[in-house]
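Count along the sequence shown from 1, then add 161; that gives the number in the numbering used here. Yeah, the Cβ is synthetic: ideal placement off N, Cα and C, and Gly gets one too. For reference, the structure is listed below as structure tokens.
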Amino acid sequence: MLVYRSNAYQRNILFSSGNVITGKIASVTGAVNTYLSLRDINKDLMERNGLLEMELLRLQDQMDGLLADTVAFRGFTPDSTEVFDFDFISAEVVSNSISSQFNYITINKGKADGIAPDMGVVSSKGVVGIVSVVSDHYAVILPVLNPKFRLSCKVLRSNNFGSLTWNGRDPRMADLEELPKHVVFQKGDTVVTSGYSAIFPSGIRVGTIAAHKKQRDDNFYTLEVLLATDFTSLQHVRIINNKRQKEQIEVEQEAKRND
Numbered sequence: 162m163l164v165y166r167s168n169a170y171q172r173n174i175l176f177s178s179g180n181v182i183t184g185k186i187a188s189v190t191g192a193v194n195t196y197l198s199l200r201d202i203n204k205d206l207m208e209r210n211g212l213l214e215m216e217l218l219r220l221q222d223q224m225d226g227l228l229a230d231t232v233a234f235r236g237f238t239p240d241s242t243e244v245f246d247f248d249f250i251s252a253e254v255v256s257n258s259i260s261s262q263f264n265y266i267t268i269n270k271g272k273a274d275g276i277a278p279d280m281g282v283v284s285s286k287g288v289v290g291i292v293s294v295v296s297d298h299y300a301v302i303l304p305v306l307n308p309k310f311r312l313s314c315k316v317l318r319s320n321n322f323g324s325l326t327w328n329g330r331d332p333r334m335a336d337l338e339e340l341p342k343h344v345v346f347q348k349g350d351t352v353v354t355s356g357y358s359a360i361f362p363s364g365i366r367v368g369t370i371a372a373h374k375k376q377r378d379d380n381f382y383t384l385e386v387l388l389a390t391d392f393t394s395l396q397h398v399r400i401i402n403n404k405r406q407k408e409q410i411e412v413e414q415e416a417k418r419n420d
């Protein structure tokens, strides 16, 4: 302390060093608080984005109905009591694989949150997969990047549909098979869900056409699709709940039993 009291230069150095340390601590604390705040904001934005996406699907569904009904106009009003068939549940990815032959994704929501097998799963960019196995607080998703996954899709330009499956090689690409040869398409055209199942509504983005090749049967094409969802950085998903899924499946099964 004698040096500190008698040497003004060294006293100033000590004061300066203390200020630097205090500033560094404040800076780190501020950065941590900012990170935590941004994480909460990002989660809130994901929830809001999901609500907007479901609202868009609802409006698309109404527009499809109006365009399809050319005989009797089935108009709708803002105070309509019609209930949209789909809602969603947000979840976080806790485990994800992209390099295995059979890849799976685990999320932090389960039966307690309303998750059930055969629910569709999407990201903010596009289709992810289908819920396969569920426990009370977790669920495992069968993603696009699994050969067991098949999805009915259509080329938005023409509305012709085929079956999407993973090629087992590139986590960015999948194949859309069984496209009739007469289908008109171009590189970059959008591929979306066809809606021909009780899992996904029509019009959810799947990817874009990257290339095409002929199948063994010359009457069909296989399109290479650049997937909209980036599975290498997937962190948040939304699980789609089709409120009428059970009814649709039951009536379809009844029809098959009558064959």
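query, result
"Reference Ser319; option with closest CA among Asp336, Val282, Ile370 and Pro278", "Ile370"
"Residue(s) in a DSSP beta bridge with Ile360", "Bridge partners of Ile360: none, in fact."
"Phe392 (DSSP reduced to helix, strand or coil)", "helix"
"Continuous beta strand (DSSP E) stretch holding Lys315: start and end", "Leu312 to Val316"
"Val386: CB within 8 Å of a non-hydrogen atom of the ligand NAD", "Although the ligand NAD was asked about, the structure shown includes no ligands whatsoever."
"Per-residue DSSP class, three states only, for Val386", "strand"
"Any 3 or more C-beta pairs closer than 8 Å across the region 394-402 and the region 349-358", "no"
"Inter-residue spacing [alpha-carbon to alpha-carbon] between Ser260 and Ser284", "19 Å"
"Three-state secondary structure (DSSP) of Leu274", "According to the sequence provided, residue 274 is Asp. The question's Leu does not apply to it. Note: Asp274 maps to helix in three-state DSSP."
"Exposure of Asn380, with buried meaning 16 or more beta-carbon neighbours within 10 Å", "exposed"
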